[in-house]
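Enquirer:
In the working numbering, the protein residues as written are 5 to 898.
(1) If we call anything under 8 Å between Cβ atoms a contact, is residue 784 one with residue 838?
(2) Report buried or exposed for residue 632, applying the criterion of at least 16 other Cβ atoms within 10 angstroms of its Cβ.
(3) For residue 40, does the three-state DSSP call read helix, strand or coil?
(4) Per the DSSP calculation, residue 117 is bridged to which residue(s)?
(5) Just to check my reading of the structure: residue 156 and residue 240 have Cβ atoms closer than 8 Å, yes? What is that Cβ distance to the nearest angstrom?
(6) Quick one: using the 10 Å Cβ neighbour count with 16 as the cut-off for buried, is residue 523 buried or exposed?
(7) Would you mind giving the Cβ-Cβ distance between residue 570 and residue 476, rounded to the nearest angstrom? I have them listed as a contact below 8 Å.
(8) Pull up the distance between the alpha-carbon of residue 118 and that of residue 380, whole angstroms please.
(9) Can you tell me where the beta strand (DSSP E) holding residue 737 begins and where it ends?
(10) When you compare each of 625, 850, 765 to residue 801 by their alpha carbons, which one comes out closest?
(11) So the candidates are 195, 267, 229; which of them puts its Cα closest to the Cα of residue 243?
(12) The alpha helix (DSSP H) that contains residue 608, what's its start and end?
(13) Buried or exposed: which applies to residue 527, given that a residue is buried once 16 or more other Cβ atoms fall within 10 Å of its Cβ?
(14) On the DSSP bridge list, what partners appear for residue 442?
(15) Can you tell me the Cα-Cα spacing of residue 236 and residue 197, whole angstroms?
(16) Specify, as a first and last residue, the run of the alpha helix (DSSP H) that residue 229 falls within.
(17) Using CA atoms only, rank isn't needed, just tell me which of 809, 889, 806, 878 is closest to residue 826.
(18) Going by CA-CA distance only, name the one from 67, 320, 92, 181 that's closest to residue 81.
(19) How big is the Cα-Cα spacing for residue 521 and residue 721?
(20) With respect to the beta strand (DSSP E) encompassing residue 770, which residues constitute its N-terminal and C-terminal limits?
(21) To the nearest angstrom, how far is it from the Cα of residue 264 to the Cα of residue 279?
(22) For residue 932, list the residues DSSP reports as bridge partners.
(23) Within 10 Å of its beta-carbon, does residue 258 have 16 or more other beta-carbons around it, so buried, or fewer, so exposed?
(24) In chain order, which continuous runs of the alpha helix (DSSP H) of length 4 or greater are located wholly inside the region 523–559?
(25) Applying the 10 Å Cβ sphere with the 16-neighbour rule, what's the burial state of residue 60?
(26) For residue 188, does the count of other Cβ atoms within 10 angstroms reach 16, so buried, or fall short, so exposed?
(27) Please go through the region 378–423 and give each complete alpha helix (DSSP H) segment of 4 or more residues, from N-terminal end onward.
(28) Using a Cβ-Cβ distance cut-off of 8 Å, determine whether residue 268 contacts chain C.
(29) To which residues does DSSP link residue 58 through a beta bridge?
(30) Considering residue 93, what are the terminal residues of the beta strand (DSSP E) in which it resides?
(31) Locate the alpha helix (DSSP H) running through residue 804, then write down its first and last residues.
(32) To the nearest angstrom, report how far apart residue 514 and residue 508 are at their CA atoms.
(33) At which residue ranges does the region 857–894 contain complete beta strand (DSSP E) runs of 3 or more residues, listed in the order of the chain?
(34) Can you list, in chain order, the residues of its chain with a C-beta nearer than 6 Å to that of residue 167? Leave out the 5 residues immediately preceding and following it.
(35) Classify residue 503: buried if its beta carbon has 16 or more other beta carbons within 10 angstroms, exposed otherwise.
(36) Check for me: the beta strand (DSSP E) holding residue 645 runs from which residue to which?
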C-alpha cells in the first residue's frame with residue numbers, strides 16, 4: 005500500500021501484498037476512491053485487511069473481517085469499501101498497525117487500543133480472553149508514555165519514550181525476545197533491551213527487529229530463512245545485535261514476513277537479508293541471504309509481506325511528532341488555552357501526556373530510566389507548572405486540576421506496569437495545586453493514599469527516587485504533608501465525618517513516616533524538619549499517649565475508650581518536637597510510677613484483709629541520707645529495694661533536717677549527689693578540660709597518656725606497640741582509638757550505668773529522643789529570657805505586679821549580673837538551667853509575708869515560690885536577697 009507524495013490526498017493501493025480479497029485482486033496501482041476526501045497520514049496492511057488513519061486521527065478499515073480485525077463490531081466476511089471505526093472516533097489516533105488478523109492503534113493521548121483475533125494472546129488482554137470485534141483499551145500499559153507500536157503475524161510490540169520495549173502474543177520462535185518460546189497473553193517487558201536506547205521496532209511474521217538511538221540493529225525470533233542476519237538459520241530467543249552492520253549507523257528498518265531491510269544513510273545503501281524466493285531482497289540474486297547484503301541504486305524504503313518498495317525518506321531515530329503522543333510545550337499549551345477560550349474541548353485528561361512531556365530529555369536522559377533513576381527533566385516540570393500558574397492559563401490549570409482529581413489519581417494502580425508509569429508520583433508532587441489547602445481533600449490526600457497502596461517493589465522504587473531528589477524537593481514534600489496534618493487537626497472536625505478525618509490524617513502521617521524512613525538513609529533534610537512545631541497546641545499530648553499506650557497494651561477493646569481506627573500521634577514520634585517528647589516521657593514516667601504505687605496499695609489492702617499488716621509495702625521510695633555521706637548512704641539505701649520499688653515516687657530525708665519532701669528536697673539531693681559523683685575522688689568519671697565534658701573513667705590508662713603522673717601504653721590492635729602510625733594506617737588508628745575510649749575500655753562501667761539507668765527510665769519512649777534533645781531535657785538549656793520570666797510571674801498575699809516592693813524586686817533582679825541571676829534561679833527552683841519547654845514553662849510565685857525587714861526571703865523549691873517580706877527600700881531588698889541566694893543549701897520548716 006502507498007500514500008501519494010505530500011499534499012496529494014488520494015490513497016493508492018498495490019495488490020502485490022494481498023491486502024484485499026483474492027477474488028478482487030488487481031495487478032495495477034489504483035486509487036481508493038472512497039478515501040478521496042481524506043488526508044491520509046498512515047496506513048497498515050494485515051494478511052487480508054487494511055487500515056488507514058487520516059490527519060484528524062480517524063481510522064478506516066476494509067478487507068477480510070471474519071476474525072473481527074476490522075473493529076467494526078461485526079464479523080463480516082468481507083468489507084469492500086473503507087468504513088470508519090466509530091468506536092475510535094472519540095480519540096485522535098496517531099498510529100495503526102495490522103497483524104495477520106489483529107490490529108493495534110495508539111492515540112495522541114497515549115491510550116492503546118486492540119481488536120481482532122486473540123488466539124495467541126496477541127491482543128494482550130489477558131489469558132483466556134476471547135477475540136474482540138471492536139477496539140478495547142489495553143489497560144495493562146496504562147501510565148506508560150508510548151512512542152511507537154508494531155504488529156507481527158500474531159504478536160505485538162509497544163515502545164515507550166524512554167526506550168522500554170514491551171511484547172506480547174505468539175512466541176513460538178522466540179519473537180518476543182524473552183529467552184523462551186512460551187506465548188504471552190499480557191505485555192511483558194523485554195529487559196535485555198532496556199539499556200540499549202531503542203527508538204524503533206519492526207515486526208515480521210515470526211521475527212522482530214529493534215533500532216537503537218546510536219543506529220544499532222538487534223533482531224530476534226525465527227531465523228529459518230536468514231531474516232535475523234546472523235549468518236545462520238537458528239532461532240534467537242534473545243535480542244542479538246547484527247554484527248555485520250557494526251560500525252555503521254542504521255537510520256531505518258523494516259521487516260517483511262520473512263525478510264528484513266536496513267538503511268545506512270552515510271553510504272546510501274540498503275541492506276537486505278532473509279527470504280528471497282520472489283526476489284524481495286532486490287539484490288539481483290536468487291536464494292535466501294543469511295547476512296546483510298547491499299542493494300544498489302535505491303531510495304529509502306518501506307516493505308510488505310513478500311515485496312519491497314523504496315519510498316520512505318525519514319530517519320526512524322528522530323521522533324515523528326505527527327505520529328507520536330501529544331507533548332506539552334509552549335505551543336500546545338497556547339493551543340489548549342485558545343480552545344478553552346473558544347469553549348472547545350481541550351481537556352488534559354490523561355496521565356500519559358504529562359508524563360511524556362516531563363520525562364523527555366533533549367540530552368537523552370530519559371533513556372536512563374530505571375528503578376534507581378527516574379529520568380525526569382525536573383526543569384521542564386517546573387517550567388510547565390510555572391506557565392500554568394500564570395493568569396492567562398488559569399482556566400487551563402483549573403481544568404487540569406479537575407482532570408487530576410476525577411481521572412488521573414483514581415487510575416493509579418497498586419502495581420504499575422513499569423517504572424515509567426511511576427514518574428507521575430514525582431511530577432504531581434511539583435504541581436502547585438496540590439500545595440493549596442483547598443485541594444488537600446480532593447487531590448493531595450488521594451495522591452498519598454495511592455502511594456501508600458503501592459505494592460512492595462514499586463514502593464521501594466519510589467523510595468529510591470525520593471532519596472535522589474534534591475533537598476529542596478524533599479523539603480517541600482515534607483512541608484506539604486505536615487501542613488495537611490495541621491489542617492486536619494485544626495479544622496478537620498468541622499469539615500469531615502470522623503471516619504474520613506481519621507482515614508485522611510492516617511494517610512498524611514503514614515506518608516510522612518515513609519518519607520522519614522527514606523530520610524534516615526538518604527539524609528535529605530535535618531531530623532527536626534519533620535517536627536510539627538505547634539503540635540502540643542493541636543492535641544493533648546498526654547491523652548494521645550494514653551490512647552497509644554492502651555492500644556499497644558491490647559486492652560483498648562476491653563476499656564472501649566476509643567475506636568480501633570483512631571489515629572494517635574505518638575505512633576509517629578518523628579513529628580514530635582523535643583518539648584512534646586518530654587511531655588510523653590513525663591507522662592510515661594508518671595504512668596509507671598502510678599502503676600508501682602497502685603501495686604503497693606493493692607498489696608497493702610490484701611495484707612490488711614489477711615491480718616498481716618507487718619508485710620505492708622511503702623508506696624514511696626524513701627532514702628534516709630546524711631549530707632556528709634550522700635553517695636555511700638544512697639547506695640546503702642538502694643540495696644534494700646527491688647526494681648519495681650525504683651519506679652515509685654522518691655522521698656528524700658536529710659538526717660537532722662525538718663523539711664518534708666514535696667519535690668524541693670529531692671531536687672537538692674540530686675544536685676549535691678551529682679557534684680560528688682563527678683568528683684575525681686570517686687573515680688567514676690574523667691573530665692576533659694578541652695571540651696568540659698565527662699566520660700566514664702577506665703580506671704587504668706589506655707593508649708599512651710599520663711595517669712596521675714604515670715605514662716602507660718595500651719595496645720589498640722594486636723602488636724600495636726611495634727606499629728608506627730603513618731598515612732597508610734592513620735584512619736585505622738583513629739577508629740581503633742575511638743573504639744577503645746568509648747567502648748572497650750569502659751564496657752563494664754557503661755554496662756552497669758546503662759542497666760541501672762534503664763531500670764528507672766527504661767522503655768521505648770527514651771528511644772524517641774535525639775541525643776541533643778535528651779541532653780537538653782536532662783540538663784535544661786541556657787536560653788534565658790528574664791523579661792518573660794517576669795511576665796509569667798504570679799503573686800499572692802499583698803503583692804501584685806504594681807506593688808512597690810515587687811517593682812523594687814524586679815529592678816534589683818534585672819541589675820544582677822548573669823551569674824547572680826542564675827544563682828537566684830538555683831535558689832528558687834533547684835536548678836540554674838531552663839526547662840526544655842522554655843522560659844514560658846517556668847512560672848514563679850512571689851508571696852508576701854508578715855515578717856519584719858531583717859528576715860531573709862525564703863524559697864520553696866517544690867513550688868517555685870518565693871516568700872518575701874515587704875521591704876521598704878531598694879538597698880535593703882538587694883542586701884537580703886543577695887544573702888539568701890548565696891546561702892541556698894539546707895531545708896527547714898517555715
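Think of the CB as a built atom: it goes at the ideal place given N, C-alpha and C, for glycine as much as any other residue.
Expert: In short:
(1) yes
(2) exposed
(3) coil
(4) 109, 141
(5) 15 Å between Cβ atoms; not a contact.
(6) buried
(7) Not a contact, Cβ separation roughly 35 Å.
(8) 29 Å
(9) Run containing residue 737: none in the beta strand (DSSP E); it sits in the alpha helix (DSSP H), 734–746.
(10) 850
(11) 195
(12) 582–613
(13) exposed
(14) Looking at the DSSP assignment, residue 442 forms no beta bridge with any residue, so it has no partner.
(15) 22 Å
(16) That residue, residue 229, is in no alpha helix (DSSP H); it is neither H nor E in DSSP.
(17) 889
(18) 67
(19) 36 Å
(20) Careful: residue 770 lies outside any beta strand (DSSP E) and carries neither H nor E.
(21) 9 Å
(22) Any question about residue 932 goes unanswered here, given that the chain covers just 5 to 898.
(23) buried
(24) 539–542, 545–556
(25) exposed
(26) buried
(27) 382–392, 398–407
(28) This model lacks chain C altogether, as it is built from one protein chain only.
(29) 44
(30) Per DSSP, residue 93 belongs to no beta strand (DSSP E) and is neither H nor E.
(31) Counting along the chain, residue 804 falls outside any alpha helix (DSSP H), and DSSP gives it neither H nor E.
(32) 10 Å
(33) 862–864, 869–873
(34) 201, 202, 371
(35) exposed
(36) Run containing residue 645: none; DSSP gives neither H nor E here.
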